[in-house]
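**Student:** There's a structure below that I have some questions on.
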Amino acid sequence: MPVLKTSLRILVSVEYSAASHTNCTSRYIATPIGKSLGIREINHRKPSPSIYLEEAFKKSRTPSHQALESYSKKLDLSVRQIQRWFRLRRNQEKANTLTRFTESCWRFTYYFTILIIGTIILYNKVWFWDSTECWPNYPHQHVPSEIYWYYLVELSYYVGSSLMHFTDVRKKDFWELFIHHIVTMTLMFIAWIQNIIRISCLILLVHDMADPFLEATKMASYSGHRKWCNHLFIVFTIAWYIGRLYIFPFKILYSTLFYAPTVTGMAPIYYLYNGLLGSLQLLHIIWTVIITKILYNRLKTGEIKKDERSESEEPVSDTETETAQKSAVNNCT
25 MPVLKTSLRI LVSVEYSAAS HTNCTSRYIA TPIGKSLGIR EINHRKPSPS
75 IYLEEAFKKS RTPSHQALES YSKKLDLSVR QIQRWFRLRR NQEKANTLTR
125 FTESCWRFTY YFTILIIGTI ILYNKVWFWD STECWPNYPH QHVPSEIYWY
175 YLVELSYYVG SSLMHFTDVR KKDFWELFIH HIVTMTLMFI AWIQNIIRIS
225 CLILLVHDMA DPFLEATKMA SYSGHRKWCN HLFIVFTIAW YIGRLYIFPF
275 KILYSTLFYA PTVTGMAPIY YLYNGLLGSL QLLHIIWTVI ITKILYNRLK
325 TGEIKKDERS ESEEPVSDTE TETAQKSAVN NCT
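Okay, structure coming up:
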């Protein structure tokens, strides 16, 4: 109980990262950097207001042909005009390149900084080099102040990221990433309460080792630096394979599965903790498939294609836009 009470006091005192923090970073640092690299701030063209079509859009972003014909008869518009309206409306919800750049810039800053700090803090620890050393003297393991603050900063980031996940640029793996955040936070809470901080710190560091290169790759892609994008993606892929497909399963997960029981026993928490680690590894495999596909395309074509998780803007010609907007205004309900 004393450990639990202490944990609750600590969690209440933590100041979690807020959306306003990233907004300030994006506005005053990332946005000027993006513009200096030639990224234009392009605002999506808005469709003409139509209450009826807005309600239809809430039901389905991509209505069937039958639904389009129904809307066409209702508003006395052609099916093509309705399609154009929906295309413009979908584009309204997709972030422009500068917005994507600023998000990646913020994440790169965090991941790079926390990776350096984490490496410096853990480098001289015996269990940094041998994960089996995480378990001797458990549960009576002292937590140094530097690890204490490193752990809380990481926890703060994951809590903040989970809260902002619904306002950030939406990716196709939206739910997979959200589940990843929730599982990671659950593991961190369990580790703190059970005082298995050592192995948890290694998990965090392994997760952070590839992320700076991923965000740097995105930044290079958004700013049009294709050569740097290709090189950085290769570095990211190597870091990902080493961290997520070698160190995590064969060093960390192996240690928690086979060495931890000799000290902790086969308590229920053993199954819960390892089950959550296994779900993380499953997500790693899913993302590895995506990364491998991109790498294959790179080797085949010589350049990195766009992030397969991102949604691109749908093209709409000026003529189509003007026609759709004028018609929608005349038939606005």
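Per the working numbering, the sequence shown starts with residue 25, numbered consecutively. Glycine included, every Cβ here is placed at the ideal spot set by N, Cα and C.
State buried or exposed for Met290, treating a residue as buried only when at least 16 other CB atoms are found within 10 Å of its CB.
**Tutor:** By one-based count along the sequence shown, residue 290 stands at place 266. Exposed is the call here.
**Student:** I'd like the list of long-range same chain contacts for Lys242, defined as Cβ closer than 6 Å, with 5 residues on each side in sequence excluded.
**Tutor:** Numbered from its first residue, the sequence shown carries residue 242 at position 218. Answer for Lys242: Ser128, listed in chain order.
**Student:** Check each candidate in Gly299, Tyr320, Tyr76 and Thr191 and name the one with the smallest Cα separation from Pro273.
**Tutor:** Reading the sequence shown from its first residue, position 249 is the one you call residue 273. Checked all of Gly299, Tyr320, Tyr76 and Thr191; the closest Cα to Pro273 is Gly299.
**Student:** Among Phe125, Leu146, Glu78 and Leu277, whose alpha-carbon lies nearest the alpha-carbon of Tyr174?
**Tutor:** The residue labelled residue 174 in the question sits at position 150 within the sequence shown. Checked all of Phe125, Leu146, Glu78 and Leu277; the closest Cα to Tyr174 is Leu146.
**Student:** Going by the CB atoms, is the gap between Leu277 and Gly142 shorter than 9 Å?
**Tutor:** Here residue 142 refers to the residue found at position 118 when the sequence shown is read from its first residue. Here residue 277 refers to the residue found at position 253 when the sequence shown is read from its first residue. Taking 9 Å as the Cβ cut-off, Gly142 and Leu277 do not qualify as a contacting pair.
**Student:** First and last residue of the alpha helix (DSSP H) that includes Ala244?
**Tutor:** One-based indexing of the sequence shown puts residue 244 at position 220. It spans Asp235 to Tyr246 - the alpha helix (DSSP H) in which Ala244 sits, taken as one unbroken run.
**Student:** Could you have a look at Val103 and say whether DSSP puts it in helix, strand or coil?
**Tutor:** As a working note, residue 103 is residue 79 in the sequence shown. It is helical.
**Student:** Are there 16 or more other CB atoms within 10 angstroms of the CB of Pro406, so buried, or fewer, so exposed?
**Tutor:** The chain is shown from 25 up to 357; residue 406 falls before or after that span and cannot be answered.
**Student:** If you draw a straight line from the alpha carbon of Cys225 to that of Ala284, how long is it in whole angstroms?
**Tutor:** Here residue 225 corresponds to residue number 201 of the sequence shown, with the count starting at 1. Here residue 284 corresponds to residue number 260 of the sequence shown, with the count starting at 1. In a straight line, the C-alpha of Cys225 is about 15 Å away from that of Ala284.
**Student:** Would the beta-carbon of Glu178 fall within 9 Å of that of Trp311?
**Tutor:** Within the sequence shown, the letter at position 154 stands for residue 178. Within the sequence shown, the letter at position 287 stands for residue 311. Cβ atoms of Glu178 and Trp311: not closer than 9 Å.
**Student:** Express the C-alpha separation of Pro163 and Tyr294 in angstroms, rounding to a whole number.
**Tutor:** Here residue 294 corresponds to residue number 270 of the sequence shown, with the count starting at 1. Here residue 163 corresponds to residue number 139 of the sequence shown, with the count starting at 1. In a straight line, the C-alpha of Tyr294 is about 14 Å away from that of Pro163.
**Student:** Between Arg69 and Arg114, which are expected to be in contact by the criterion C-beta below 8 Å, what is the C-beta distance as a whole number of angstroms?
**Tutor:** The residue you call residue 69 lines up with position 45 of the sequence shown. The residue you call residue 114 lines up with position 90 of the sequence shown. With 8 Å as the limit, Arg69 and Arg114 do not qualify as a contact, their Cβ atoms being about 12 Å apart.
**Student:** Where does Phe190 fall in DSSP's three states?
**Tutor:** Taking the sequence shown and counting its residues from 1, one reaches residue 190 at position 166. Phe190: coil per DSSP, three-state reduction.
**Student:** Tell me whether the beta-carbon of Arg131 lies closer than 9 Å to the beta-carbon of Asp235.
**Tutor:** The residue labelled residue 131 in the question sits at position 107 within the sequence shown. The residue labelled residue 235 in the question sits at position 211 within the sequence shown. Contact: yes.
**Student:** List the whole-angstrom C-beta distance separating Ser247 from Leu61, where the pair is believed to meet the contact cut-off of C-beta under 8 Å.
**Tutor:** Position 223 of the sequence shown holds residue 247. Position 37 of the sequence shown holds residue 61. Contact holds; Cβ gap of about 4 Å.
**Student:** Use the C-beta contact count for Ile144: other C-beta atoms within 10 angstroms, 16 or more gives buried, fewer gives exposed.
**Tutor:** Position 120 of the sequence shown, counting from 1, holds the residue named residue 144. Classification for Ile144: exposed.
**Student:** Please report whether the beta-carbon of Ile144 lies at a distance below 9 Å from any beta-carbon of chain D.
**Tutor:** Absent here is chain D; the protein component of the structure consists of one chain.
**Student:** If you drop the 5 nearest sequence neighbours on each side, which residues of the same chain put their C-beta closer than 6 Å to that of Ser186?
**Tutor:** Working through the sequence shown from its first residue, we reach residue 186 at position 162. Here the set comprises His205.
**Student:** Spatial neighbours of Ala244 within its chain, please: CB distance less than 7 Å, with the 5 preceding and 5 following residues excluded, ordered by chain position.
**Tutor:** Here residue 244 is taken as the residue at index 220 of the sequence shown, counted from 1. The answer, listed in chain order, is Trp252, Cys253 and Leu256.
**Student:** Mind checking whether the beta-carbon of Tyr76 lies closer than 8 Å to any heavy atom of the ligand SAH?
**Tutor:** This structure lacks the ligand SAH, and indeed carries no ligand of any kind.
**Student:** Return the chain-ordered ranges of every beta strand (DSSP E) run that is complete within the segment 66-102 and spans a minimum of 3 residues.
**Tutor:** none
**Student:** By a C-beta neighbour count over all protein chains shown, 10 Å radius and 16 as the cutoff for buried, is Ser169 buried or exposed?
**Tutor:** Position 145 of the sequence shown holds residue 169. Flag for Ser169 reads exposed.
**Student:** Excluding the 5 residues flanking Leu281 on each side, which residues of the same chain have their C-beta closer than 8 Å to its C-beta?
**Tutor:** Looking up residue 281 in the sequence shown gives position 257. Around Leu281: Asn298.
**Student:** Looking at the secondary structure, which residues open and close the alpha helix (DSSP H) in which Tyr294 lies?
**Tutor:** Counting from one through the sequence shown, the residue named residue 294 turns up at place 270. Taken as a continuous stretch (DSSP letters only), the alpha helix (DSSP H) holding Tyr294 covers Pro292 to Thr325.
**Student:** Which value, in whole angstroms, describes the spacing of the CA atoms of Glu93 and Ala119?
**Tutor:** The sequence position of residue 93 within the sequence shown is 69, counting from 1. The sequence position of residue 119 within the sequence shown is 95, counting from 1. Rounded to whole angstroms, Glu93 to Ala119 spans 29 Å at the Cα level.
**Student:** From which residue to which residue does the alpha helix (DSSP H) around Leu226 run?
**Tutor:** Taking the sequence shown and counting its residues from 1, the one referred to as residue 226 is at position 202. If you look at Leu226, you'll find it in the alpha helix (DSSP H) that goes Ile221 to Asp232.
**Student:** Rounded to whole angstroms, what's the CA-CA distance from His189 to His231? Just pull it up for me.
**Tutor:** Working through the sequence shown from its first residue, we reach residue 189 at position 165. Working through the sequence shown from its first residue, we reach residue 231 at position 207. Approximately 18 Å, taken between the alpha carbons.
**Student:** Buried or exposed for Thr208, going by 16 or more other Cβ atoms inside 10 Å?
**Tutor:** The residue you call residue 208 lines up with position 184 of the sequence shown. Flag for Thr208 reads buried.
**Student:** Distance check for Asp154 and Pro160, CA to CA, integer angstroms please.
**Tutor:** Translated into the one-based positions of the sequence shown, residue 160 becomes position 136. Translated into the one-based positions of the sequence shown, residue 154 becomes position 130. Distance between the alpha carbons of Pro160 and Asp154 is about 12 Å.
**Student:** Determine the closest residue to Pro71 out of Ser303, Arg111 and Arg64, with distance taken between C-alpha atoms.
**Tutor:** Within the sequence shown, numbered from 1, the residue matching residue 71 stands at position 47. The candidate whose alpha carbon is nearest that of Pro71 is Arg111.
**Student:** According to the Cβ coordinates, are Leu359 and Tyr95 closer than 9 Å?
**Tutor:** Since the first residue shown for the chain is 25 and the last is 357, residue 359 is missing from the structure and cannot be characterised.
**Student:** Distance check for Leu211 and Ile203, CA to CA, integer angstroms please.
**Tutor:** As a first step, residue 203 must be located in the sequence shown, where it is residue number 179. As a first step, residue 211 must be located in the sequence shown, where it is residue number 187. Roughly 12 Å between the two C-alpha positions.
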